[in-house]
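Oh and the sequence shown: position 287 is 946 in the numbering used here, straight run, nothing missing.
Idealized CB from N, CA, C, for every residue including glycine.
Let me begin by presenting the structure, written as structure tokens, before commenting on it.
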Amino acid sequence: MSLSALKAQARNAAAAVALTVMLAAGLPACTSVGLTATDAGLDAGYTEGECRLDPSLPGCTTERPPFEGLTAPVDIVRDSMGVAHIYAQNDVDAYFASGYAQATDRLFQMDLTRRRALGRRAEVLGASYASEDSVVRMFNIGHWGQVNEAALFRDTPDQWLLIQAWTAGVNRRIEEVRDGTAPTPPEFETLDYEPELWDVSDGLSVGKLLLFANANQLEYEILTSIIDQYLPELDRRLHLMAPVRDAFVIPEDERPEPRPLTDRVDPIGPPMPALRLVDSPETRARLADFSRWASAFRSGGSNNWAMRGAHTASGRSLIAGDPHQGLSSPSLFWLHHMSSAEGDGALDVAGFSFAGSPGIQLGHNRHIAWTATTTYPDVMDMWEVQVNDGMVQVAGRSVPLRVRREQVRVAGQTSIEVDVEEVPGYGVLLPDELIPLPIGRGGRILLNWTGFRVSHEGQGFLAMNRARSVDDFDNAVDQMELALFNFIGADATDITYRSSPLVPDRGIPDETLRPFSLMSGDDEQTFWTSFLGPDELPHSRAETRGWIASANNDPLGFTADGTVATDPWYFGVFFDPSLRSARIEDELAALAERGGVSEEDFQNLQDDSYSVFADDLVPPLVDVWATVASDPALSAFRDRDDLAVLVEQLRNWDRRMERAAAAPVTFNAFAFFLARRVLRDDFSIVFEPILQASPAYMLKALANVMTGRAPEPSSFFSGEARSLSVLLALEETSTYLAAQFGDRTYTWGDVHGARIRSIWGEALDAGWQPTDGAEGTVNVASSAFFDDAGQPRARLEATGGSLYRLVAGFRADGTPQAFVNVLRGVSGDVDSEHYDDLQDDWLENRYRPLLFTREEVNADMQSAVTLRP
């Protein structure tokens, strides 16, 4: 069923479909309160027991034909970067070779990623992974991968055959390792286990895991719920969701108009008094544990943009993208090229795959190039519900609780049994121990995610791989229910921006609508009954302005006023504070005005380290310092030559967070000391968890207070004058610099760098390397300034950032020409020449062409193998 048809069905017949399918499944019948049955994925998501009872249910087919093997020889040509260029006679053979080549380069990483998706890492890595395995089991990621495989086999068997072929290629390499004809990655020997063969559903489970991590807003929803219930006045004074800049993805002339503020709608029941927040070592320890747990499932950021040929030197489109995720060795992405176009196939596509998943998710083919950033629509909700005698009360209805027992095996220890409590059609009950502070009024917390269903991301990415125009690209995006991405695509003559995930329709927003926080399970109106329609989802061709950009910022502009009450519909609130996007927009506007924009211009912008935060925080410091001589309240600072030197340093600084500069060290320390001084009392004990989880979010709040964008900025200085706060933070900065460096000179590169951790073991660890960038810069390199004890860290570690940077133009014949730099290298084998050979290019933002035509690949060929039937 197409996405548009599904959305129409959800709006017009959700209750009837839900009732029919749930009765067929033997599940309790519900009416339109929840997106049950089809909309929750139950049409292809029955348990093994349910399928045994009725094998005729959709998705219960268990017979799969065996893979028939390669039909013809396939050449795998490696270029000087180690990139595998696959030349096959058809698409099936190309996918087989793709699986084989990925397993050749990344087998251990693939195995760990699959184990993570299935909740099985603890059985080889030990007890420290048991908690994460338990959470993955709770969300049933492996099951939903199997559901997607069943639906793929049922609905598009030709595409299922491609995934089967990819899996067979992976298994061919595993069999070579197991029989000794190929070397065993040393990590398997160290951990003393043998790689298992893959099932066709495994790559889809990995995809589901990546989509879950990308969609996960559970941490933010829990922290927001804590603020709502313990610190209810904070949002009114600060507007927690407002950005720093009004930079939104959709061009201004295309954005939906806000609604007038409506009369307040009374919530269900009388307002409850704020809960009392108890600050204790135990509470702080629980919050710290929660933050550490949540860090494993935090989604990343990214930048992407495109420009029409009217502004470019070539007269053809330009496009750029750099996905931000955790920095690891080897990298999350694997680069390769699949071509069957010389034979009977429809593939000629080069780009990046998430290691452990089939196909190519980001890159270009012969006609289009595309990139993505995370959209952050709200696709998770929490409700407080009552549970009695195995029944869950949902909007006045009793729904039987279903308990699923999971066994988590742990290396060297007794297995752990985990009971997962499911509310069919409505989600899962969160374990009480997962919540760091009590929220609600004593009930249980029910969580739902739109990912508890069949989804078709694999089909969508394959359609992108085969697209011949931006129209084809848009149609591909529309197939993907869980792809929470701002997709930007370009062909030689046109650009497009599109995001089409399933986002629950919560109705007309008002001041009491807070889906981003805990909601009452008694309120029927808060449960999902339909999805936003195509016209309510963000898309643009930027025909008037001529360029489009996204950087995880609000696509529609609804957060500008800090309230959902004026939104024409609810889309989400947890967006990037618009620092990177504001800088990108300013630079693209200037480039478009200048004209003649080149690939080099886009590459320079990807390397940009200008701090928008500095624009908001340095001028207030300079202004306050100018009053020291005349303000009696500041007389203690009049003879502070050390502070005068720092003010002058920041006044003359170009506001770029560059490794060779000293001012970034001063500014970064000043910003964090000021944030703690101004905001810590107001955020109370959630200050540190939020600061650790998202330093940019807390600095955003600081910037909005310092510039007066917050509704009540003066309320944050009730105990200390604004000017005094600024100078005391500067004094703390001076003390920090003296303790850190004494009389020595210092640079940003002395204290700030990228920390590239091994996925496991010491051999793969790339250590710490000085880098440019900081919070909110286009070349982002976010790091925590304070340690768990609240002391400045001696060395700042950016653990996330760009995993690759790609800029593509178009040749005269319309074929894309891409240039890239890539974290680490193509191989995950420390003994390979291509393990970390691309690292210096990544650090210095040097680009190499991504070879695409057969002629240029052959000219740069370093090695070649042929796979035979």
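Assuming contact is defined by CB atoms lying nearer than 7 Å, are residue i and residue j in contact in what I supplied?
i: Asp981; j: Arg1314; result: no
i: Arg1025; j: Asp1007; result: yes
i: Phe1120; j: Gln984; result: no
i: Val1304; j: Trp1407; result: no
i: Gly758; j: Glu1116; result: no
i: Trp993; j: Ala1014; result: yes
i: Leu1106; j: Val1077; result: no
i: Ser860; j: Gly778; result: no
i: Pro1036; j: Gly1231; result: yes
i: Arg1507; j: Gly1205; result: no
i: Pro1279; j: Met1365; result: yes
i: Ser1237; j: Pro917; result: no
i: Ser1486; j: Asp764; result: yes
i: Ile800; j: Ala776; result: yes
Quick check on residue i: does DSSP put it in helix, strand or coil?
i: Glu1065; result: strand
i: Leu1006; result: coil
i: Ser998; result: strand
i: Phe1175; result: coil
i: Asn1480; result: strand
i: His802; result: helix
i: Met1039; result: strand
i: Asn807; result: helix
i: His970; result: helix
i: Met769; result: helix
i: Asp1220; result: helix
i: Ile745; result: strand
i: Asn1517; result: helix
Would you call residue i buried or exposed, if buried means 16 or more other Cβ atoms sit within 10 Å of its Cβ?
i: Tyr1395; result: buried
i: Pro1451; result: buried
i: Val1062; result: exposed
i: Pro919; result: exposed
i: Asp1130; result: exposed
i: Asp1340; result: exposed
i: Thr849; result: exposed
i: Pro1095; result: buried
i: Asp1213; result: buried
i: Arg1297; result: exposed
i: Ala1201; result: buried
i: Gln1066; result: exposed
i: Val937; result: exposed
i: Asp838; result: exposed
In its own chain, which residues sit with a C-beta less than 6 Å from the C-beta of residue i, not counting the 5 before and 5 after it?
i: Gln1476; result: Gly1468 and Arg1470
i: Tyr788; result: Arg780 and Ala781
i: Leu1497; result: Val1481 and Gly1484
i: Met1520; result: Val736
i: Arg1056; result: none
i: Ser1016; result: Gly862, Val865 and Gly866
i: Pro732; result: Thr1525 and Arg1527
Excluding five sequence neighbours on each side, which residues of the same chain lie with their C-beta closer than 8 Å to the C-beta of residue i?
i: Pro1059; result: Pro687, Gly1049, Met1050, Val1051 and Pro1083
i: Asn1517; result: Val736
i: Arg1318; result: Thr1406, Trp1407, Gly1408, His1411, Pro1429, Thr1430 and Asp1431
i: Gln1265; result: Asn962, Ala979, Asp981, Val1437, Asn1438, Ser1461, Arg1464, Val1466 and Asn1504
i: Gln818; result: Leu811, Gly1117, Gln1118 and Leu1121
Could you tell me the alpha carbon to alpha carbon distance between residue i and residue j, rounded to whole angstroms?
i: Arg914; j: Trp964; result: 18 Å
i: Tyr754; j: His744; result: 12 Å
i: Asp1446; j: Glu855; result: 40 Å
i: Gly1285; j: Ser1159; result: Contrary to the premise, residue 1285 reads as Ala rather than Gly in this sequence. Roughly 51 Å separates the two Cα atoms.
i: Ala1208; j: Phe949; result: 34 Å
i: Ile1243; j: Tyr1156; result: 16 Å
i: Ile822; j: Gln761; result: 14 Å
i: Arg944; j: Arg951; result: In the sequence as displayed, the identity of residue 944 is Ala instead of Arg. If I take the Cα positions, the gap works out to 11 Å.
i: Val1044; j: Leu946; result: 23 Å
i: Ala874; j: Ala906; result: 22 Å
Looking only at its own chain, which residues have a Cβ that is under 7 Å from the Cβ of residue i, when we skip the five neighbours before and after it?
i: Met1123; result: Trp1029, Phe1132 and Ala1135
i: Phe1332; result: Ala1388, Glu1391 and Thr1392
i: Gly1459; result: Gly959, His983, Gln984, Gly985, Leu986 and Ser1441
i: Ala1151; result: Arg975, Ser976, Phe1469 and Gly1473
i: Ala933; result: Gln888, Tyr889 and Pro891
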